[in-house]
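Residue numbers (my numbering): 1249 to 1679. To start, the structure itself, in structure tokens.
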Ligand code: HAM
């Protein structure tokens, strides 16, 4: 009996993994321009890290975590996101004593036991960035600029950054109360989940997906109308800075995010190709989280993008497809196969991507294989070639054999130069 993979846990097969590698390279290059360095944190943490940071009444903590008892009786959880772990590491290693501002990025798998559908898995991967140690509006703008540059570099179709402010400890409690009172007045029209969470987490009213609930809360008060003066000023500065840089963002006063640690600036990225799960990324400011995890009173801001969703919404282009071989060596006969192995080894060691076959295949079938693999040149090794120590070469792009044979003793760089030279020579026409 075959053993299937676990529901919501997917393999990334070779034709798709080329996209993953390209995304990872692109991310590493872009975040380096902004001065981020990599942090690698464990996949397993103590459960209380997530309940204390993400929030007891969030969907993630209430019902989506993979939590299990370790043999010593402690409760452990597969990380559902990266921010909590990064902040835990920051506090544990007192990173503030090394540098006043930490700019960290990470890549890796996260786990949430959600209902799987297109773009929604139980194991998914994120690339995330976190800046700890700055509370000024300029750093909020910088993070959104980085996000914008990344989306452009990653060639995400129809990407749109939505922005909101969630207020802070000074202004949110009163707003929360106003929203709760609104929800209470409309309790009969709310879905079961929202009605149940009204007391403890009324903000979730705003991003409920149930149509009747959405209708009932269409006129609900929004945080933007309730910001205190410092929060309003902070948000206005962020928006002015982004406008000055020409980065388009859309205000979304109903965006609340699914994690409780956010204050002030929050944002999400929506894109094409995702169906119901249209957020490729999200983030925001989380001043207070470092302190809540028993660290210094350091502000924080960051975001994460989901790699599976980026793969679904990125443009298709050659750089993100698996590479094709430069050379395909086609031997004809046993002696030729031995020589072909020697040639392939020499040229691979010289940095060329070389494929070869063995097992006495016909020239026709080897040509078909080379064509399928997308090889640029096929080097034919037959009895004549072995005797003359020179190879017949077929240029697969121009679909012709070169008029001259190529010396099989050439080094990798000399071979590459010779092939390029031959490919650039005009085709001879015989009358
Ligand atoms: P989040 O919005 O929960 O934020 O997740 C960020 C992204 O991870 C989502 O936009 C989505 O692309 C991807 N994602 C989340 N859940 C799934 C899933 N079940 N399947 C596939 N992709 C998924 C956070 O995680 C915050 N830690 C972001 C952050 C960093 N805020 C500040 N710093």
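Glycine included, every Cβ here is placed at the ideal spot set by N, Cα and C. Small disclaimer: the values here were computed from a predicted structure and weren't measured.
- Rounded to the nearest whole angstrom, the CA to CA distance from residue 1343 to residue 1334 is 11 Å.
- The nearest non-hydrogen atom of the ligand HAM is 8 Å or more from the C-beta of residue 1669.
- The beta-carbon separation of residue 1266 and residue 1570, rounded to 4 Å, stays under the 8 Å limit for a contact.
- The stretch 1355-1368 makes no contact with the stretch 1394-1409, as fewer than three CB pairs between them are under 8 Å.
- Around residue 1299, the same chain offers 1309 as residues with beta carbons nearer than 8 Å, after the five sequence neighbours per side are excluded.
- Non-local C-beta neighbours of residue 1448 in its own chain, meaning closer than 7 Å and more than five positions away in sequence, comprise 1305, ordered along the chain.
- Judged by their CB atoms, residue 1538 and residue 1380 are nearer to each other than the 9 Å cut-off.
- Apart from sequence neighbours up to five positions away, the residues of its chain that approach residue 1504 with a beta-carbon distance below 6 Å are 1451, 1454 and 1455, ordered along the chain.
- In this structure, residue 1324 lies near residue 1317, with their beta-carbon atoms less than 9 Å apart.
- Distance check between residue 1418 and each of 1474, 1276, 1507 and 1256 places 1474 closest, using alpha-carbon atoms only.
- The Cβ atoms of residue 1395 and residue 1531 sit closer than 9 Å to each other.
- The beta-bridge partner set that DSSP reports for residue 1393 is empty.
- Per the C-alpha coordinates, the member of 1472, 1633, 1568 and 1477 positioned closest to residue 1514 is 1472.
- In terms of side-chain proximity, the C-beta atom of residue 1358 is found nearer than 8 Å to a non-hydrogen atom of the ligand HAM.
- For residue 1441, the uninterrupted alpha helix (DSSP H) segment begins and ends at 1440-1445.
- Of the candidates 1377, 1468, 1556 and 1519, the residue whose Cα lies closest to the Cα of residue 1269 is 1556.
- A distance below 8 Å between beta-carbons, with the five flanking residues on each side excluded, links residue 1426 to the following residues of its chain, in chain order: 1469 and 1474.
- With a cutoff of 8 Å, residue 1285 does not count as near the ligand HAM, since its C-beta is closer than that to no heavy atom of the ligand.
- Secondary-structure assignment with DSSP links residue 1371 through a beta bridge to 1359.
- Per DSSP, the continuous alpha helix (DSSP H) segment holding residue 1582 begins and ends at 1582-1597.
- CA-to-CA, the gap between residue 1313 and residue 1444 works out to about 20 Å.
- Apart from the 5 residues on each side of it in sequence, residue 1587 sits with its Cβ closer than 8 Å to the Cβ of 1579, 1629, 1634 and 1656 in its chain, given in chain order.
- Between residue 1366 and residue 1525, the CB-CB gap stays under 9 Å.
- By the CB criterion at 9 Å, residue 1371 and residue 1354 fall outside the cutoff.
- Around the CB of residue 1658, 16 or more other CB atoms lie within 10 Å, so the residue is classed as buried.
- The alpha carbon of residue 1303 has as its nearest neighbour, out of 1315, 1590 and 1332, the alpha carbon of 1332.
- Excluding the 5 residues flanking it on each side, residue 1670 has same chain C-beta neighbours closer than 6 Å at 1650, in chain order.
- Residue environment for residue 1535: buried (at least 16 other C-beta atoms within 10 angstroms of its C-beta).
- With a cutoff of 8 Å, residue 1282 does not count as near the ligand HAM, since its C-beta is closer than that to no heavy atom of the ligand.
- The beta-bridge partner set that DSSP reports for residue 1351 consists of 1379.
- For residue 1640, the enclosing beta strand (DSSP E) covers residues 1638-1643.
- In the three-state DSSP reduction, residue 1567 falls in the helix class (H, G or I).
- When the beta-carbon positions are compared, residue 1495 and residue 1398 stay at least 9 Å from each other.
- The three-state reading of DSSP puts residue 1282 in coil, since its state is none of H, G, I, E or B.
- The criterion of a C-beta distance shorter than 9 Å is not satisfied by residue 1618 and residue 1602.
- Per DSSP, the unbroken beta strand (DSSP E) holding residue 1515 starts and ends at 1511-1518.
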